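First comes the structure, then the notes that go with it.
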Amino acid sequence: MVALLLTPLIAIPFALAGSVAATVPTKVDAAPVASGEWGLPLAGGYSKGRGFGYNPVQGCGYCSTNHQGYDMAQGCGSTIYAAGPGRVITAGSWQGYGNAVRIDHGDGLVTLYGHMQWGSLRVSVGEEVAAGAPLGAEGNTGKSFGCHLHFEVQKSGTPVDPEPFMASQGLQLK
Ligand SMILES: [Zn+2]
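Quick note on numbering: the sequence shown equals residues -17 to -1, 1 to 157 in mature numbering (1 follows the signal peptide of the UniProt record, and there is no 0).
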């Protein structure tokens, strides 16, 4: 008796979905700009924040003046993507970076994604990722002054300017 009552209710929505699907364009998630095995850590447009080097933040006493990364902001909650292929070596609270992910790309090369929202991480330590793998959501955790991504590139433990590094991969940070 129950099955007889439910059957029409289930059948109608499927029939409607089938007829509507032909007229609705398929939603395509925007992917980050890529070049070879590397890509930008955000998909679509973003605002440039502080670049690499001496960059004091007005009104932020706890922000470092010697900025070791490249700040980019798309909006709180925007998806942050892996910039290159490698293995996740940090996924969680990391020094002043708040909720952060670090990826080891081999040959002493590491990228770091700082200040993501608590609870937003989509990777864990030991995971192998490719460029474009979603890591978490843009946030304001750690020593941060408004939602943004702190994108850092390290060679043998020393931060290097992400702009020329990404340029060497064929990717333009603005
Ligand atoms: Zn930063």
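Here a beta-carbon is modelled for each residue, glycine too, at the ideal position from N, C-alpha and C. Treat the numbers as computed from the prediction; the structure is a model and nothing was measured.
Within the DSSP bridge table, the entry for phenylalanine 134 names Tyr53 and Tyr96 as partners.
For valine 40 against alanine 74, the beta-carbon gap comes to about 26 Å, at or over 8 Å, which does not count as contact. The closest CA to that of serine 76, considering only Gly119, Gly140 and Gln137, is found on Gly119.
Environment of ligand 1, chain-ordered: Gly52, Asp54 and His133, taking every residue with Cβ within less than 5 Å of a heavy atom.
DSSP places glycine 22 within a strand segment (E or B) once states are collapsed to three. With respect to the 8 Å criterion, glycine 97 and alanine 114 are not classified as neighbours on the basis of their beta carbons.
Between the alpha carbons of tryptophan 21 and tyrosine 64 lies a distance of about 11 Å.
If you look at alanine 150, you'll find it in the alpha helix (DSSP H) that goes 145 to 151. Here DSSP, grouped into helix, strand and coil, assigns glycine 79 to helix.
For the pair of segments examined, the segment 85 to 96 was found not to touch the segment 35 to 50: the number of CB pairs separated by less than 8 Å stays below three. The beta carbons of serine 61 and leucine 25 sit closer together than 8 Å. The DSSP-derived three-state label of aspartate 87 is strand. The beta carbons of histidine 131 and alanine 56 sit closer together than 8 Å.
Among the bridge pairs identified by DSSP, valine 112 is matched with Gly69. For tyrosine 64, the enclosing beta strand (DSSP E) has its first and last residue at 62 to 64. The C-alpha of proline 145 is placed about 15 Å away from the C-alpha of alanine 17. The criterion of a C-beta distance shorter than 8 Å is not satisfied by glycine 122 and glycine 58.
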